[in-house]
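Student: Numbering (this note's numbering), first residue to last: 4 to 354. Ideal Cβ positions, reconstructed from N, Cα and C, are used throughout, including at glycine. For clarity, every value in this text was computed on a predicted model and none was experimentally measured.
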C-alpha cells in the first residue's frame, strides 16, 4: 500500500525489501547485488540541521537490488541429491530450517542406495508427508528426543514406501512416542519388551512398525500380532544361545530379526521363522550384533559432523549479524527521512 510505504523510514523500507528476498524464494537467491542509483543531490544530511531541513525538498536516495531467484526442483539430481531434497522441502510448513538441514543428507543417502532395493519415486512423493510427521515430533521433549533423533525418525519413515501418513500411522506414531495412551493390544507390549534398548535403537524399531499400520490388509494385521506374540519367545532363544548378552542387546537383536522376517506379509511364516531362529548359532548372533553396532557408530559420526557444521553455521550467522548491524548504523546515518512532529508523518529532508 503506497500510503503505508511513504510513511515509513529507511529502516522500515529495508525490512520490507529484505523480507521479500527472504521469503519469496525457498532457498534464497543467487548472485545478489545492490546498486546505488541515487541522484547527485541525495546525500547524507548534516546531523546538526535536522530541524532546519524538515521543510526543504531534496532528491530521495534510490537503490536497486538484483538477483537470480532459486526455483524448486521437480526431480532429484544424482550429482547433488542433498541439494535437490533441500529444494523439495523449501516451502513445506511446520518444519524449521534446522529440521530440513538435518533430513536432507539422510534422504540423499537413502535415495542413492535405492538404486538396488528401493522405490525412488515413492521416496520423492513421500517428502510431502514430513509436515504431518513433525506435527507429532514438535510435541516431544527436545532434550530427551533431540533434533537429530527427530530427523532420523522422520527420514526413516519417509523412506519406507508403505508409509503415507494415514491416520492410523500417525496414531501409531503418537502412541509409540508416548504422546497418547498406548494401546493395550500392541504398544503396551512393545514398551514392556523394549525397556532396555537404547533410544536410537527404539527409533529404528518405531520406523519399522509405524508404516505397517493402516494398510487395510488383513495379512498385515496378522503380521503385527505375530510380531507381538513372537517377542518373548525370540528373546528366550537368543538368551539361551548367548547368555552373556545384555538385556538391551537381546531386545535389539530380537526385534530386528522379527522385523526382518515376520513384520511384512509373504516373507516368513511363523514356522519358517521359528526353524530359522533355532538354527542360528552364537557366532551368527554376535556377528549380527557387531554389524548392527557398526551402523550406530556411523550414525554417531554423522551426528558429530552435523555438530561441527552447526558450529560453523553459528559463526557465519554471527558474522552476518555484525554486517547487518553495521549496515543499519550506516543507514541511520545516511537516512533521507525523519519524523515531523508537526504533521505526524515521516518526511524527506535535506541540509
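(1) What does a CB cutoff of less than 8 Å around residue 190 pick up in its chain, not counting 5 residues either side in sequence?
(2) State yes or no: is the C-beta of residue 198 within less than 8 Å of the C-beta of residue 160?
(3) Can residue 70 and residue 18 be called in contact, C-beta distance under 8 Å?
(4) Report back the beta-carbon spacing between residue 152 and residue 206 to the nearest angstrom; my notes put them in contact at under 8 Å.
(5) Measuring alpha carbon to alpha carbon, tell me which residue in 225, 286, 236 is nearest residue 270.
(6) Rounded to whole angstroms, what is the Cα-Cα separation between residue 138 and residue 131?
(7) Drop a sphere of 10 angstroms on the beta-carbon of residue 116, count the other beta-carbons inside from all chains shown, and report buried for 16 or more, exposed for fewer.
(8) What separation, rounded to the nearest whole angstrom, lies between the Cα atoms of residue 6 and residue 322?
(9) By the three-class DSSP mapping on this structure, what secondary structure does residue 267 have?
(10) Using alpha carbons as the reference points, say which of 193, 112, 140, 236 lies closest to residue 182.
(11) How far does the alpha helix (DSSP H) with residue 229 in it extend, from its first residue to its last?
(12) Where does residue 68 fall in DSSP's three states?
(13) CA-CA distance, residue 213 and residue 170?
(14) Nearest to residue 218 by alpha carbon, out of 173, 103, 186, 35?
(15) Just reading off the beta strand (DSSP E) that residue 35 is part of, what are its end residues?
(16) Looking at the unbroken alpha helix (DSSP H) that takes in residue 204, where does it start and where does it end?
(17) If we count the other Cβ atoms within 10 Å of its Cβ and call it buried at 16 or more, is residue 20 buried or exposed?
Tutor: According to the data block:
(1) So the list reads 175, 178, 179, once near-sequence residues are dropped.
(2) no
(3) With respect to residue 18, residue 70 sits apart: the two C-beta atoms are not nearer than 8 Å.
(4) In this structure, residue 152 and residue 206 form a Cβ contact; the two beta carbons are roughly 6 Å apart against a cut-off of 8 Å.
(5) 225
(6) 13 Å
(7) exposed
(8) Cα-Cα distance, rounded: 35 Å.
(9) Coil at residue 267, not helix or strand.
(10) 140
(11) 221–244
(12) Residue 68 carries a strand assignment under DSSP once its states are collapsed to helix, strand and coil.
(13) 11 Å
(14) In terms of CA proximity to residue 218, 173 leads the group 173, 103, 186, 35.
(15) 32–39
(16) 202–212
(17) Of the residues assessed, residue 20 falls on the exposed side of the cut-off, its CB having fewer than 16 other CB atoms within 10 angstroms.
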